[in-house]
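Just below is one structure, and these are the notes that go with it.
Chains as they are written, first to last, in my numbering: chain A, 1009 to 1626; chain B, 2 to 381.
Below, the structure is given as structure tokens:
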């Protein structure tokens, strides 16, 4: 009985105890639930905006879309620079389990060069793991077929088509168009990173570089939904890219090709300008190189080969080649002599085959060993009489020579719409003191008079100057851009840019000199008579020049030697120059030709003039 | 009229008022608990359907698990509390033997082994222990007099430690801790002195951060990896950041069902299992989260109601322990997903995808129903 009573008492006590504990447990649970709800309130209401932003950052992505690069046409609408699709082998690293092994396996199907592997590993470090990294650009048909057969073995390796620049005329237009290449670190600092976020290539030289902004267009964007691995699952919206402008150049591709062929594999440059506008019809620098090599990424060996070639194909002779003006300087000096009344048409000089300054023992030789006899000014131009111009230079003085050369645009940039042209040199006593550290001698003036001194000009400057001559003093800046066309817009034509004209006190002086230059070609004693040949259907005025190769002149110690060209090694032979324009009365074309170590210049000009004037409507 | 009769009298009245109660009473289903469970399970399926968007088989399997588990719950509700009481020591003994068996099997297979494959469900002895320990302790405290004496505390601690130790050796420290919690909850209801509870609690809360502070980073990572062997140490921060982003970006009303970007675009890890609450938070917002927590709490509160109204010490302790353990399991999960508790690999009960833990929970609910529905029969 006693035990049972205790048991009942304990039983009630136990109920009370447990119930108390349940109440305490409920209180604790209540507190914890309030804590939990407070936490949710904080996350979902107070911090909602913060987490919404973070969430969007997770899944929303703006993917830039590359604009289509503007096409380039010649003056007749022939396509000079195209965009073609090429197939590249791309790797998406995060999808690949064993990357080194995969690369080895790929190499069994598609050969990979050392350069390609190095490039790939470099890019691998710079890109995120889910981005496509090109392994091999420009797959061949065979590569494509072989990979297609084995594709199932390579998850994460894909073939991708991307547009790439293509120059159908290859090396012919490199001096004009330049080329495109991968954006390098230095360029990366100069471009607008947003606009180039989808672009891998940029214009490196020539028109491609100068008009990069117009050609490139504006980047577009796609708003895409990303999953956690960074792969776009769908496109939500997009801003289409604005394609680049189409450019129409002043160049005539057929004339360009004729000029290139006319050089017959010699080193040299040809520039043809339309005098009435300054439009460049052709600009050749030979030898040239295939710009398409650079677009795909040139191999180091191929590049070294180009760079080390003694013919220097990478060097654009047309705008960067510095040559003595040689005898092509004579018409300008003659013009200045007439203008300053230093000489008249009838001023004669006897040419015994040499010239000597008073109070000087140094003898300056004429190219013609036995001299031209009595020479007046027009004849001096026609026969290119050195003695006459030694005398004239002496009378004019270097200041007057520099004055006329500067007026014709020598010694300064022509302002052509491609980069990297050189200004050349119009030498003066100040110039010599500054750059050579010695004072000007009277002999320097005489050398300048026949264009053999320190004066240097680019073929482009020669062409611009002869074009001014053709215009009787009216000057235009040379240019390539005929018109540009924004997508969906009409062509907007560029107008020529006038420069300060060359004004003479006596306008007849132009005709005097031009007539003398016409005789250079058409008079039997003209220096171009033999080489230019007969039977041409237009009137033409020109002037030849022979630039002595520096080393020879050094060896000759100022003494002219009677040389047989074929006895001298080719690279030491003289350069030949020829500047001309035609027709004489209403010039349609002005041309400057320089052929290194060859006498071909006049022949080249003939071919170019024949073609251009033959195709032009009368 | 003693206290028991008084309480019983109070309960009798509403039950008699409603006719359908007699039907559910007859099949031993507690209506409130049953519908709370059904609502929670249905909401859970809606969330899982979105979380497992691209994988329909997950939803199908979960529905199958659910049906089987509900049926098992129904079966366990039919068994009388006195039967459970009688079988308690034997279930416990069998569980411990199975634990040892799994341990030996693990040695033979040269790898951690936790379960025996029973087709649809994996039979995990440690899951059985989640119920066997509270049952045995309730049985033990029912036999002796309360409150707890030092001797009974030592015996009870031993009874908890043996299976907890065996489970920890599997190694499954997470479940081992849950076993200790389940046993501890019985001790709490059985009147373990507050001084001991507080003392132990304070010691734990004070010493843990201090101990943690003295650990090296690699030791911390080891501890964390030990608690949850499946986790990648590098990803420990990522999980919780993405989970907070999911919940926070959900806002008040959420992004809408199937519109959660965090889960559908795979930013949220484990979004069908441990982190499924974040899917609910993202797609249904604060409203959905509160509804889910309310459903959980309905079950917990009904469990405590059953405990208070139970007839003897055994059923009281057992019902209380089941309810408190259920609360702890969902609270720890949500606390972990919302970033107020450290990340330990515990699923959200009844909502996370997975079969074996669901079965254990449904069995425990079956026992709760048995305690509630057999009560009247005993008294009349």
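Glycine included, every Cβ here is placed at the ideal spot set by N, Cα and C.
So, helix, strand or coil for residue i, using DSSP?
i	result
residue 28(B)	coil
residue 326(B)	helix
residue 361(B)	helix
residue 194(B)	coil
residue 349(B)	coil
residue 1598(A)	strand
residue 1245(A)	strand
residue 1570(A)	Confidence in residue 1570(A) is poor, its pLDDT being 45 and thus under 50, which makes the residue's placement unreliable; the coordinate value appears in the next sentence. If DSSP states are grouped into helix, strand and coil, residue 1570(A) belongs with coil.
residue 1460(A)	coil
residue 1182(A)	helix
residue 1535(A)	coil
residue 1(B)	Summary: the structure shown does not reach residue 1(B), with chain B confined to residues 2 through 381, and so no result is reported for it.
residue 1510(A)	coil
residue 252(B)	coil
residue 1293(A)	strand
residue 170(B)	coil
residue 1190(A)	strand
residue 1398(A)	helix
Could you tell me the distance, in whole angstroms, from the CA atom of residue i to the CA atom of residue j?
i	j	result
residue 1(B)	residue 163(B)	Outside the modelled stretch of chain B, which goes from 2 to 381, sits residue 1(B), for which no answer is possible.
residue 1048(A)	residue 284(B)	14 angstroms
residue 202(B)	residue 1100(A)	53 angstroms
residue 1302(A)	residue 1361(A)	52 angstroms
residue 364(B)	residue 73(B)	7 angstroms
residue 243(B)	residue 367(B)	37 angstroms
residue 1330(A)	residue 1338(A)	18 angstroms
residue 239(B)	residue 1166(A)	31 angstroms
residue 1128(A)	residue 1159(A)	20 angstroms
residue 302(B)	residue 146(B)	27 angstroms
residue 390(B)	residue 1065(A)	Here chain B covers residues 2 to 381 and nothing more, so residue 390(B) does not appear.
residue 53(B)	residue 245(B)	19 angstroms
residue 1246(A)	residue 1231(A)	6 angstroms
residue 1434(A)	residue 1461(A)	10 angstroms
residue 1208(A)	residue 1152(A)	23 angstroms
residue 1024(A)	residue 176(B)	32 angstroms
residue 1192(A)	residue 1267(A)	34 angstroms
Looking at residue j and residue i, is the spacing between their C-beta atoms short of 8 angstroms?
i	j	result
residue 1088(A)	residue 1177(A)	yes
residue 143(B)	residue 306(B)	no
residue 1300(A)	residue 1344(A)	no
residue 1234(A)	residue 266(B)	yes
residue 1032(A)	residue 308(B)	no
residue 1073(A)	residue 1249(A)	yes
residue 1224(A)	residue 1081(A)	no
residue 1510(A)	residue 1483(A)	yes
residue 1097(A)	residue 1155(A)	yes
residue 1274(A)	residue 1304(A)	no
Could you name the residues that DSSP lists as bridge partners for residue i?
i	result
residue 1072(A)	1229(A)
residue 1092(A)	1172(A)
residue 58(B)	Looking at the DSSP assignment, residue 58(B) forms no beta bridge with any residue, so it has no partner.
residue 1257(A)	1489(A)
residue 1288(A)	1281(A)
residue 1144(A)	1097(A)
residue 1060(A)	For residue 1060(A), which the question treats as bridged, DSSP gives no partner whatsoever.
residue 1087(A)	1081(A)
residue 1362(A)	1373(A)
residue 1583(A)	1555(A)
> Are the stretch 342-356 of chain B and the stretch 33-51 of chain B in contact at 8 angstroms, needing three or more beta carbon pairs?
Replying inline: yes
> For the 8 angstroms Cβ check, are there 3 or more pairs between the stretch 1307-1325 of chain A and the stretch 1518-1538 of chain A?
Replying inline: no
> Can you find at least 3 beta carbon pairs, one from the stretch 1470-1480 of chain A and one from the stretch 1409-1424 of chain A, that sit closer than 8 angstroms?
Replying inline: yes
> Should the stretch 1449-1462 of chain A be regarded as contacting the stretch 1352-1368 of chain A, the criterion being three or more beta carbon pairs within less than 8 angstroms?
Replying inline: yes
>> With three or more C-beta pairs closer than 8 angstroms as the rule, is the stretch 1253-1261 of chain A touching the stretch 1171-1185 of chain A?
In response: The stretch 1171-1185 of chain A vs the stretch 1253-1261 of chain A: in contact.
>> Which residues of the stretch 304-316 of chain B have a Cβ closer than 7 angstroms to any Cβ of chain C? Give them in chain order.
In response: The structure shown contains no chain C; its protein chains are A and B.
> Taking three-plus beta-carbon pairs below 8 angstroms as touching, is the stretch 1272-1284 of chain A in contact with the stretch 1584-1602 of chain A?
Replying inline: Touching, yes.
> Should the stretch 148-165 of chain B be called in touch with the stretch 188-202 of chain B, which here means at least 3 C-beta pairs below 8 angstroms?
Replying inline: yes
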